[in-house]
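Notes follow once the structure below has been shown.
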Amino acid sequence: MKLRLSIISGLCVILGFSCGGKKRSYQDIARPVHIVKVETLGAMQRMYTGVVDAEEYSKLAFKVAGPLVEMNVDAGQKVKKGMVIAAIDPLDYNLQYEANKAAYITAKSQMERNKKLLSMQAISRQDYEIAQANFIKAKSAYETSVNTISDTKLRAPFDGFVEQKYVENYQKVQPGESIIKLVNPDKLEVSFILPEINVRLTRETMQVAVEFDTYKGKWFKAKVKEFVDASPEGSGIPVRLAITDTAFRRDIYNIYPGFSCKVRLSIDNSTGDGYSVPLSAVFKDLKTNETSVWLYDSAEGTVKRQSIVAEQLFGTDNVQITSGLKADDIIVVAGVNYITQGQKVSVINN
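Residues 0 to 349 in numbering that gives the first Met the number 0 are what the sequence shown spells out, letter by letter.
Here it is as structure tokens:
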């Protein structure tokens, strides 16, 4: 008999009513939730991950083909303007140069000789013009050979450092084939990808700041330098930033291309057109099919449903609300699917 009474008592507790007959309402169960205060769009900030790029860079290549006989740099090495980066075996080009030089000297002598003969009326003008044309052709070939000899050496067009090396010594290279990527570390920019759903931000007035991962807590002012008004392959909108902060000095901050950083966009929305709430706070009411949020009543410790009008997304986790909310409203952002109208809740914000 005692065992039967214990089982019945246990069932009473599980089923949510007392053995005295008073049923416990679902509304009396305090559900744990997270809450936040709605954020005006004028105070919105968005964070993105960026990377440092060189504003000035060049992929150096030879104009002529041949096997490398010199490779004077390695990745990460600093170089000065005019330094010989690499050289191609000039043997074949030297032979062609000598042949063209001899042809040029011969053609020049022949033209000068024919010029004297023409003044003596010993040859026709046609013979002189033929010699003159041969001279011009030989001179052009000779000057091309001179330039080709020079082109067997690849020189740095500006001071910088080698970000990447594409070939090794003794390798045969072709005209236009990249040998190294040379970057100017003193001219930097920042690039990042703006998600497609935030394309509107490119039309907004905003303040831009950059924080380099190697200098945490130090933000530098920047501005949008360029962006592509399209999303290549659906990957987002490429945006390039110029660092405009006078405090960003290269002799103090050792930042180089390839370094990672954070980009902060502070959106200026002085008109106060709506609010920003986490996407997790928004749900669809199954009875009314209205887009809604749960408003939290701190005095009663309960929630009530509030219909809203939601517009565009900001980033991947916030949405713009243009109607249904007001300043200082507190809403539930976690646990929205487990509560009902008027239910008591327990706030568990950290």
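The beta carbon of each residue, even a glycine, is placed where N, CA and C say it ideally should be.
Option nearest residue i by Cα separation, candidates the options
{"i": "Y295", "options": "E111, A137, A333", "result": "A333"}
{"i": "Q109", "options": "A137, L90, E54, Y92", "result": "A137"}
{"i": "A326", "options": "V335, S275, D316", "result": "S275"}
{"i": "G273", "options": "F258, D328, D250", "result": "D328"}
{"i": "A130", "options": "I242, A246, L116, F61", "result": "L116"}
{"i": "F282", "options": "K58, I251, I330", "result": "I330"}
{"i": "G235", "options": "S149, V83, T48", "result": "T48"}
{"i": "S149", "options": "P89, R124, Q305", "result": "P89"}
{"i": "E142", "options": "Q125, E97, P174, S123", "result": "E97"}
{"i": "E54", "options": "I87, W293, A241, P31", "result": "A241"}
C-alpha distance - residue i paired with residue j, whole-angstrom precision
{"i": "R248", "j": "R263", "result": "20 angstroms"}
{"i": "K195", "j": "Y169", "result": "Here the sequence assigns Glu to residue 195, which means Lys is not the residue at that position. Computed Cα separation, rounded: 47 angstroms."}
{"i": "A106", "j": "Y92", "result": "21 angstroms"}
{"i": "F310", "j": "I320", "result": "Note on residue identity: the sequence assigns Glu, not Phe, to residue 310. Their Cα atoms are separated by approximately 6 angstroms."}
{"i": "I192", "j": "D52", "result": "13 angstroms"}
{"i": "T301", "j": "I266", "result": "33 angstroms"}
{"i": "A298", "j": "S291", "result": "21 angstroms"}
{"i": "Y56", "j": "K186", "result": "9 angstroms"}
{"i": "N71", "j": "N99", "result": "30 angstroms"}
{"i": "R154", "j": "V166", "result": "16 angstroms"}
{"i": "Y127", "j": "N113", "result": "5 angstroms"}
{"i": "L181", "j": "A85", "result": "13 angstroms"}
{"i": "K303", "j": "T339", "result": "8 angstroms"}
{"i": "A229", "j": "S190", "result": "15 angstroms"}
{"i": "E176", "j": "T213", "result": "35 angstroms"}
{"i": "K21", "j": "I28", "result": "With a pLDDT of 49 at K21, under the threshold of 50, the modelled position of that residue is not reliable, and the figure given next carries that caveat. When rounded, the distance between both Cα atoms is 15 angstroms."}
{"i": "I135", "j": "F258", "result": "54 angstroms"}
{"i": "Y255", "j": "K164", "result": "17 angstroms"}
{"i": "A404", "j": "Q44", "result": "Since the first and last residues shown for the chain are 0 and 349, residue 404 lies out of range."}
{"i": "F211", "j": "K58", "result": "26 angstroms"}
{"i": "Q206", "j": "S139", "result": "58 angstroms"}
{"i": "I307", "j": "N183", "result": "52 angstroms"}
{"i": "N133", "j": "A60", "result": "33 angstroms"}
{"i": "S322", "j": "K224", "result": "34 angstroms"}
{"i": "Q173", "j": "L278", "result": "54 angstroms"}
{"i": "A102", "j": "P231", "result": "55 angstroms"}
Neighbour-count burial assignment, residue i, 16 or more Cβ in a 10 Å radius
{"i": "M46", "result": "exposed"}
{"i": "Q342", "result": "buried"}
{"i": "A345", "result": "It is Ser, not Ala, that sits at residue 345 in the sequence shown. It is exposed - the Cβ of S345 has fewer than 16 other Cβ atoms within 10 Å."}
{"i": "K222", "result": "exposed"}
{"i": "N253", "result": "exposed"}
{"i": "Y337", "result": "exposed"}
{"i": "N146", "result": "exposed"}
{"i": "I251", "result": "exposed"}
{"i": "T151", "result": "buried"}
{"i": "P66", "result": "exposed"}
{"i": "N317", "result": "buried"}
{"i": "L285", "result": "exposed"}
{"i": "A74", "result": "exposed"}
{"i": "L94", "result": "exposed"}
{"i": "I179", "result": "buried"}
{"i": "I87", "result": "buried"}
Any non-hydrogen atom of the ligand FAD closer than 7 angstroms to residue i Cβ
{"i": "V166", "result": "With respect to small molecules bound, the structure shown includes none, and the ligand FAD cannot be examined in it."}
Q: Determine contact between the segment 157-173 and the segment 30-39, defined as no fewer than three beta-carbon pairs at a distance below 8 angstroms.
A: No, because fewer than three Cβ pairs between the segment 157-173 and the segment 30-39 fall closer than 8 angstroms, the two stretches do not touch.
Q | Uninterrupted alpha helix (DSSP H) stretches inside the segment 97-158 (no shorter than 4 residues) | A | Taking only runs of at least 4 residues, the alpha helix (DSSP H) segments lying wholly in the segment 97-158 are 124-150.
Q | Every unbroken beta strand (DSSP E) inside the segment 247-309 [3 residues or more] | A | You should have 259-266, 274-277, 290-296, 301-306.
Q) Which full runs of the beta strand (DSSP E) of 3+ residues lie inside the segment 68-97, going along the chain? A) With a minimum length of 3 residues, the continuous beta strand (DSSP E) runs that stay inside the segment 68-97 are 83-87.
**Q.** Given 8 angstroms, three or more beta-carbon pairs between the segment 245-260 and the segment 212-220
**A.** Touching, per the Cβ criterion.
**Q.** Runs of beta strand (DSSP E) lying entirely within the segment 160-217, each at least 3 residues, in chain order
**A.** The DSSP assignment places complete beta strand (DSSP E) segments of no fewer than 3 residues inside the segment 160-217 at 177-182, 187-193, 205-211, in order along the chain.
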